[in-house]
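Worksheet for the structure shown next.
Number of protein chains: 2
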Amino acid sequence: MANLKELSERLGLSQTTVSRALNGYPEVSEETRQRVVKAAAEHDYQPNVNARKLATGKSRTIGHVVPLGEHEMINPHFSDFIAGAGAVYNQNGYDMLLKVVTAENELGAYRELKRGNRIDGVIVHGPMTNDRRPDLLTELGVPFVVHGRLVERTDGYAWVDVNNANTFKLATQHLLELGHKRIALLNGLESMCFAVRRREGFTAAMVDAGLSPDKKLMHSMEMTEPNGYEAMRALFRTDMPPTGVLCSSSVLALGASRAIRDMGLRVGTDVSLMTFDDCLSFLSNGQAHGFATTAMCSSLKLAGETCARLLLDIIDGKNVNTQIVMEADFADGATTGPAPDLAS
Amino acid sequence: MANLKELSERLGLSQTTVSRALNGYPEVSEETRQRVVKAAAEHDYQPNVNARKLATGKSRTIGHVVPLGEHEMINPHFSDFIAGAGAVYNQNGYDMLLKVVTAENELGAYRELKRGNRIDGVIVHGPMTNDRRPDLLTELGVPFVVHGRLVERTDGYAWVDVNNANTFKLATQHLLELGHKRIALLNGLESMCFAVRRREGFTAAMVDAGLSPDKKLMHSMEMTEPNGYEAMRALFRTDMPPTGVLCSSSVLALGASRAIRDMGLRVGTDVSLMTFDDCLSFLSNGQAHGFATTAMCSSLKLAGETCARLLLDIIDGKNVNTQIVMEADFADGATTGPAPDLAS
DNA sequence: CACGCTTGTCAAAGCGCTTTGGTTGTTGTG
DNA sequence: CACAACAACCAAAGCGCTTTGACAAGCGTG
Numbered sequence: 057m058a059n060l061k062e063l064s065e066r067l068g069l070s071q072t073t074v075s076r077a078l079n080g081y082p083e084v085s086e087e088t089r090q091r092v093v094k095a096a097a098e099h100d101y102q103p104n105v106n107a108r109k110l111a112t113g114k115s116r117t118i119g120h121v122v123p124l125g126e127h128e129m130i131n132p133h134f135s136d137f138i139a140g141a142g143a144v145y146n147q148n149g150y151d152m153l154l155k156v157v158t159a160e161n162e163l164g165a166y167r168e169l170k171r172g173n174r175i176d177g178v179i180v181h182g183p184m185t186n187d188r189r190p191d192l193l194t195e196l197g198v199p200f201v202v203h204g205r206l207v208e209r210t211d212g213y214a215w216v217d218v219n220n221a222n223t224f225k226l227a228t229q230h231l232l233e234l235g236h237k238r239i240a241l242l243n244g245l246e247s248m249c250f251a252v253r254r255r256e257g258f259t260a261a262m263v264d265a266g267l268s269p270d271k272k273l274m275h276s277m278e279m280t281e282p283n284g285y286e287a288m289r290a291l292f293r294t295d296m297p298p299t300g301v302l303c304s305s306s307v308l309a310l311g312a313s314r315a316i317r318d319m320g321l322r323v324g325t326d327v328s329l330m331t332f333d334d335c336l337s338f339l340s341n342g343q344a345h346g347f348a349t350t351a352m353c354s355s356l357k358l359a360g361e362t363c364a365r366l367l368l369d370i371i372d373g374k375n376v377n378t379q380i381v382m383e384a385d386f387a388d389g390a391t392t393g394p395a396p397d398l399a400s
Numbered sequence: 057m058a059n060l061k062e063l064s065e066r067l068g069l070s071q072t073t074v075s076r077a078l079n080g081y082p083e084v085s086e087e088t089r090q091r092v093v094k095a096a097a098e099h100d101y102q103p104n105v106n107a108r109k110l111a112t113g114k115s116r117t118i119g120h121v122v123p124l125g126e127h128e129m130i131n132p133h134f135s136d137f138i139a140g141a142g143a144v145y146n147q148n149g150y151d152m153l154l155k156v157v158t159a160e161n162e163l164g165a166y167r168e169l170k171r172g173n174r175i176d177g178v179i180v181h182g183p184m185t186n187d188r189r190p191d192l193l194t195e196l197g198v199p200f201v202v203h204g205r206l207v208e209r210t211d212g213y214a215w216v217d218v219n220n221a222n223t224f225k226l227a228t229q230h231l232l233e234l235g236h237k238r239i240a241l242l243n244g245l246e247s248m249c250f251a252v253r254r255r256e257g258f259t260a261a262m263v264d265a266g267l268s269p270d271k272k273l274m275h276s277m278e279m280t281e282p283n284g285y286e287a288m289r290a291l292f293r294t295d296m297p298p299t300g301v302l303c304s305s306s307v308l309a310l311g312a313s314r315a316i317r318d319m320g321l322r323v324g325t326d327v328s329l330m331t332f333d334d335c336l337s338f339l340s341n342g343q344a345h346g347f348a349t350t351a352m353c354s355s356l357k358l359a360g361e362t363c364a365r366l367l368l369d370i371i372d373g374k375n376v377n378t379q380i381v382m383e384a385d386f387a388d389g390a391t392t393g394p395a396p397d398l399a400s
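The listed protein sequences derive, respectively, from chains A and B. So my numbering is basically just the index in the first sequence, starting at one, shifted up by 56. So my numbering is basically just the index in the second sequence, starting at one, shifted up by 56.
What follows is the structure, encoded as structure tokens:
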């Protein structure tokens, strides 16, 4: 229950000095600082955050506004990202304010956070095509970092993104090298920027290999397990099913692989399966278990850390490189193999 | 940029009156209230949240402290719970403060949140055996709601929980009625209270049916997909594999079902699979797709809403029923069938 | 008509911190 | 020795809101 006033009275010092001592200002002798720090610890003193926020005008809080998707779902990937970002906030004395909104209220939410002086910065999740958030935030003067990057422009704002195009190009090339020619892409919704870039990488690899990408083999969907299942089954209802499949997320891959097995086919032999792997903790593509999916891996948790760190640097006015590209790692697994028409 | 002072000057009123008008106090004439509200809207006035927090001593913020597990994972279920709770907070003008901590720092985190006056209440996630959080929070005088309930005592604190024991009893009985006698339980870690209750329900049903539960068929693990896979394979390495399997989460069930298929067996025919289904958005056990898992369902999102609502009521000093039991719904699916030894 | 009650308003005192702009000694320099 | 420079500290003024206590005006009542 102690406050600054009481503490300073007890010490026979002014509030100014006590405050400065605790906040590491140089105008305090080392001796008094020791005394103050000790007394603060003894009396279990912790400054009232709200008073500090008011006095400084800084809230030491980062906002994460997460829109509920069409099907009212929060991206399951979110947990891992948050875990990474949250750790960085803790280390730096920042709080994380999470706001769950419906898509149409999202812009309003940012306005409100800003006006109420609730946040010092925000992370923009899941950038979409024609996303209005970056412009709004710039206009409002709210520091922000985009996790991902816009399709329309990649300059003039801070972002942290996986090299999606190249990653999917490499993945596709891996399947091509195994002899696959009919390769399917199970992608996220193309309203999401990452999905657009991934398709471009996929297409580029196909074109480079002298193949023309088949529209019938490219599907976009919300990345749920059932959707992966259904898309896979749909692919095999066509006259020319793929021999290789590239998934945009482990969750889709789970569904796809279930479908393959349900159709009596073997993953890795009859159908090769690759996925982009966010290193989600609960799906951990553990090599230890001997059934790893061949994947391009990039940790979402690490992305969370990186975004958070970048944002805090920006808030501190540090002159930092504000565009960070993360490269995904190739992880060979048991779900890919030579194209069956060549093998047979 | 408008603040109360400016607004009141512009209106020729005192700050008191303007503040009261906006906050719906009765001592203001309807006429001036209209005028104030209108002016506030015009000047885009929004009270500074931090100033208000300081003045009132209330933070209008609910804390969610989530510990990183042993394997540094945040429960993937978390997203859905948060979605539900977040919506309720929004409706009531509350903010959600998310704090990610390592397990050993969790108690300290609560202390800090309280001392800094950062929160009006907290939700306690994933209660464990010998959980010290409820006692600490009671001691600190922080209102809280536990999502789940303690094994040791169910009185003296507010909680919202699924009827785990009964749910698992019913699920087990369903398998028993199908003729299964060797039934396995793939459960969460028994350091979690819910896992203990689920095992008790499972055991009770077995005992009621005159069967003695086989320790070899009961496994506890962190609920990841690979763990489900591995546990399932392990079960079939024993001399007497089960014909029915009950999983504590859809994620485990995914792994288990993958294992079953990998062993060349058919789910629903050779091995019956049931699961507890949290209605996770990204795994939606869609009946639409015709391959639903037989499950006991209870929406985590709904649990989030319920917890949040209860907590806000408690903070408002409403005299409410502080213990809420949610019953899970049975959903018949395609993953269960008559026990094979009877069928053959 | 005098009294108390209600209604609508306001000035001013916090809330607990940070920060500005001193003030006091002490030390170093020419 | 005089003067500047510095180190260490303090009083007081905010930050922008809520809330207390006072007050003036209007009203019905006996």
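Note that the Cβ used here is the ideal one computed from N, Cα and C, for glycine as well.
Using a Cβ-Cβ cutoff of less than 7 Å, which residues in the same chain neighbour residue i once the five nearest sequence positions on both sides are dropped?
i	result
L321(B)	V327
V218(B)	S354, M382, A384
K272(B)	T294
C363(B)	A141, I179, V201, H203, V216
L267(A)	K237
D388(A)	T350
Within a Cβ cutoff of 8 Å, which residues of the same chain sit near residue i, ignoring the five residues on either side of it in sequence?
i	result
M274(A)	A240, L241, N243, R255, F258
A359(A)	F137, G140, H203, V216, V218, M382
H133(B)	S305, D334, L336, L356
T392(B)	H230, L231, L234, G300, G324, S328, L329, M330, T350
L366(A)	V201, A214, V216, V376, T378, I380
R167(A)	L192, L196
Measuring straight from C-alpha to C-alpha, what distance separates residue i and residue j?
i	j	result
L69(A)	A107(A)	20 Å
S313(B)	R209(A)	44 Å
G172(A)	T112(A)	14 Å
H345(A)	A309(A)	No answer about H345(A) holds up, because its pLDDT of 48 lies below 50 and its placement is not dependable.
M248(A)	L206(A)	9 Å
P183(B)	D334(B)	17 Å
G235(B)	M352(A)	44 Å
P396(A)	E162(A)	48 Å
N220(A)	F250(A)	7 Å
V93(A)	L78(A)	6 Å
I179(B)	H120(B)	6 Å
D191(B)	R89(A)	35 Å
R317(B)	E361(B)	37 Å
N104(A)	W215(B)	29 Å
E233(A)	G177(A)	45 Å
A97(B)	N59(B)	12 Å
D270(A)	D264(A)	14 Å
D372(B)	V74(B)	24 Å
L67(A)	E83(A)	17 Å
Q343(A)	P282(B)	Low confidence applies here, because Q343(A) scores a pLDDT of 48, under 50, leaving its location unreliable; read the following figure in that light. Answer to the nearest angstrom: the Cα atoms are 10 Å apart.
V252(B)	V198(B)	27 Å
Measuring from the CB of residue i, is there a heavy atom of the ligand MN at a distance below 7 Å?
i	result
R205(A)	This structure does not include the ligand MN; it has no bound ligands of any sort.
Once the 5 residues before and after residue i are set aside, which same chain residues still bring their CB inside 6 Å of it?
i	result
A139(A)	K357
R189(A)	V180
Y150(B)	R116, I118
M152(B)	I118, G142, Y145
For the segment 330 to 391 of chain B, list the alpha helix (DSSP H) runs that are entirely contained and at least 4 residues long, ordered along the chain. 356 to 371
If contact means a Cβ-Cβ distance below 9 Å, which residues of the segment 132 to 161 of chain A contact chain B? P132, H133, F134, S135, D136, I138, A139, G140, A141, G142, A143, Y145, N146, D151, M152, L153, L154, K155, V156, V157, T158, N161
Would you list, in chain order, the members of the segment 167 to 194 of chain B that have their beta-carbon closer than 8 Å to a beta-carbon of chain A? E168, R171, G172, N173, R174
Just checking, does the segment 220 to 238 of chain B make contact with the segment 379 to 387 of chain B on the three C-beta pairs under 8 Å criterion? Three or more beta-carbon pairs drawn from the segment 220 to 238 of chain B and the segment 379 to 387 of chain B are found closer than 8 Å, and the two stretches are therefore classed as touching.
Quick one: which residues of the segment 69 to 97 of chain B get their C-beta closer than 8 Å to a C-beta of chain A? List them in chain order. none
Taking 8 Å as the cut-off, does the segment 283 to 294 of chain A touch the segment 355 to 372 of chain A (at least 3 CB pairs, one atom from each stretch)? no
Kindly confirm or deny that the segment 148 to 162 of chain B and the segment 142 to 160 of chain A touch, where touching means at least three C-beta pairs closer than 8 Å. A contact between stretches requires three or more CB pairs, one per stretch, nearer than 8 Å, and the segment 148 to 162 of chain B meets this requirement with the segment 142 to 160 of chain A.
Suppose only complete runs of 4+ residues qualify. What are the alpha helix (DSSP H) ranges in the segment 274 to 310 of chain A, listed by chain order? 281 to 291
Which residues of the segment 266 to 277 of chain A have a Cβ closer than 8 Å to any Cβ of chain B? Give them in chain order. none
Residues of the segment 107 to 122 of chain B with Cβ closer than 7 Å to any Cβ of chain A, in chain order: A107, K109, L110, S115
Return the chain-ordered ranges of every beta strand (DSSP E) run that is complete within the segment 144 to 209 of chain A and spans a minimum of 3 residues. 151 to 158, 177 to 180, 200 to 203
Determine which residues of the segment 285 to 310 of chain A have a Cβ less than 8 Å from any Cβ of chain B, and write them out in chain order. Y285, E286, V307, L310
Which runs of the alpha helix (DSSP H) spanning at least 4 residues fall entirely within the segment 199 to 270 of chain A, listed in chain order? 220 to 233, 249 to 264
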